[in-house]
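Residue numbers (my numbering): 284 to 592.
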């Protein structure tokens, strides 16, 4: 492996030592081997350092910082990254062995693609397949697509050309340590904010490749937790995009909000474009409103058990 690796794999980690070793192992088993693996410990109070110490692979770099949130951990990883390509894998998610190789081949064959992504397969807290996949649109991705439905899907799905990533860098007033690529004032919706800003301000293409190459872990209760807070953060993200392109928000804002809350009074587009998902989401929202989160989670678990029986 050369002194400057082809790829930098960044693992933001905060108090997830229970799954961190499995995540690291899945990355070390990549068929494309010329990479560095940067674990950014975002102020963990668990056994994260000890977990990292169990690995002796020289490609691993461990960086510890005071807690700055997921975006802050990603930014620290990018700051230290030396690769031509940069990727993220959250410390509770996994990659299939061929993921990095396929993305790098895609990026090298398409020099105008800045972000390469894939679909994801859902796993539970114990790593068991849930039989649910994210199979997004892979071609002709626009800023509106990202803003409305984020086909990239999750923070462990994308592999990015470093040159393209640096086109969205900024340094806010008061920051003395390093630049920002992700906005650290967002503790949620940070990836949608970053990828929408990326697409609005640059000419790089965003394109996906076939296959559910990321295993995305779903934690019980996590899917419906802090819904109001998530929505408020999304609204603030929209105002950030409005400052960049008011015409863009004027054109797409109502539809995007409808996708967020599936409120048909705002727009009928989600019902037209995604009828099954919209009806299912509205049904789930009704259960949550009438019976509460506990009943919703029990019903959700029953459906998943039936799907996997």
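Yeah, the Cβ is synthetic: ideal placement off N, Cα and C, and Gly gets one too.
Would the stretch 306-313 count as touching the stretch 357-377 if we require 3 or more Cβ pairs under 8 angstroms?
Touching, yes, given that three or more Cβ pairs across the two stretches are closer than 8 angstroms.
Answer yes if the stretch 418-431 comes into contact with the stretch 351-365, meaning at least three C-beta pairs across the two stretches below 8 angstroms, and no otherwise.
No, the stretch 351-365 does not touch the stretch 418-431.
Leaving aside the five residues before and after residue 408 along the sequence, list all residues of the same chain whose C-beta is less than 6 angstroms from its C-beta, in chain order.
By 1-based counting over the chain shown, the position of residue 408 is 125. Closer than 6 angstroms at the Cβ level, and outside the excluded window around residue 408, lie 502.
Based on Cα-Cα distance, which residue from 320, 528, 522 lies nearest to residue 540?
Here residue 540 refers to the residue found at position 257 when the chain shown is read from its first residue. The option with the nearest alpha carbon to residue 540 is 522.
Could you tell me which whole alpha helix (DSSP H) segments of length 4 or greater appear in the stretch 378-464?
Runs found: 382-392, 426-432, 445-448.
Where does residue 524 land, buried or exposed, given buried means 16+ other C-beta within 10 angstroms?
Residue 524 sits at position 241 when you count from the first residue of the chain shown. With 16 or more Cβ atoms within 10 Å of its Cβ, residue 524 is classed as buried.
Run through DSSP, which three-state label would residue 324 get?
Position 41 of the chain shown, counted from the start, is the residue given in the question as residue 324. In the structure shown, residue 324 sits in a strand (DSSP, three-state: E or B).
At 3 residues or longer, and completely inside the stretch 471-518: list those beta strand (DSSP E) runs for me, N to C.
As far as the stretch 471-518 is concerned, its whole beta strand (DSSP E) runs of at least 3 residues are 488-500.
Going by alpha carbons, who is nearest to residue 401 out of 295, 499, 302, 534?
Looking up residue 401 in the chain shown gives position 118. Checked all of 295, 499, 302, 534; the closest Cα to residue 401 is 499.
Tell me residue 319's beta-bridge partners as DSSP assigns them.
For this step, residue 319 is matched to residue 36 along the chain shown. Answer is 291.
What's the call for residue 337, buried or exposed, on a 16-neighbour Cβ count within 10 Å?
The residue given as residue 337 occupies position 54 in the chain shown. Residue 337 should be labelled exposed.
Alpha carbons only, please: which of 321, 331, 477, 476 is nearest the one belonging to residue 303?
For the purposes of this step, residue 303 is taken as residue 20 along the chain shown, with counting starting at 1. Residue 303 has its Cα closest to that of 331, out of 321, 331, 477, 476.
Which value, in whole angstroms, describes the spacing of the CA atoms of residue 567 and residue 543?
The residue given as residue 567 occupies position 284 in the chain shown. The residue given as residue 543 occupies position 260 in the chain shown. Summary for residue 567: the model assigns pLDDT 46, below 50, so the residue's position carries little reliability, and this model does not support an answer.
Terminal residues of the continuous beta strand (DSSP E) containing residue 369?
Locating residue 369 in the chain shown gives position 86, counting from the first residue. Start and end: 368-371.
Between residue 510 and residue 472, what straight-line distance do the alpha-carbon atoms span, to the nearest angstrom?
The sequence position of residue 510 within the chain shown is 227, counting from 1. The sequence position of residue 472 within the chain shown is 189, counting from 1. Cα to Cα, the separation comes out at about 12 angstroms.
Which partner residues of residue 296 appear in the DSSP bridge assignment?
Translated into the one-based positions of the chain shown, residue 296 becomes position 13. Its beta-bridge partners are 324.
Count the other CB atoms within 10 Å of the CB of residue 486; is the residue buried (16 or more) or exposed (fewer)?
Sequence index remark: in the chain shown, residue 486 carries index 203 (1-based). Burial call: exposed.
Please go through the same chain and pick out, in chain order, the residues whose beta-carbon is closer than 7 angstroms to the beta-carbon of residue 288, but skip the five residues on each side of it.
For this step, residue 288 is matched to residue 5 along the chain shown. Here the set comprises 317, 318, 319, 365, 366.
Cβ atoms of residue 497 and residue 437: under 8 angstroms apart, would you say?
The residue given as residue 437 occupies position 154 in the chain shown. The residue given as residue 497 occupies position 214 in the chain shown. Closer than 8 angstroms, so yes.
Does residue 523 come out as helix, strand or coil in the three-state DSSP assignment?
Here residue 523 is taken as the residue at index 240 of the chain shown, counted from 1. Helix at residue 523.
Pick helix, strand or coil for residue 342, following the three-state DSSP scheme.
For this step, residue 342 is matched to residue 59 along the chain shown. DSSP places residue 342 in coil when its eight states are reduced to three.
How long is the line joining the alpha carbons of residue 470 and residue 518, rounded to whole angstroms?
Counting from one through the chain shown, the residue named residue 470 turns up at place 187. Counting from one through the chain shown, the residue named residue 518 turns up at place 235. Roughly 13 angstroms separates the two Cα atoms.
Closer than 8 angstroms is the cut-off here; do at least three beta carbon pairs connect the stretch 386-396 with the stretch 433-448?
Cβ pair count under 8 angstroms is three or more, so yes.
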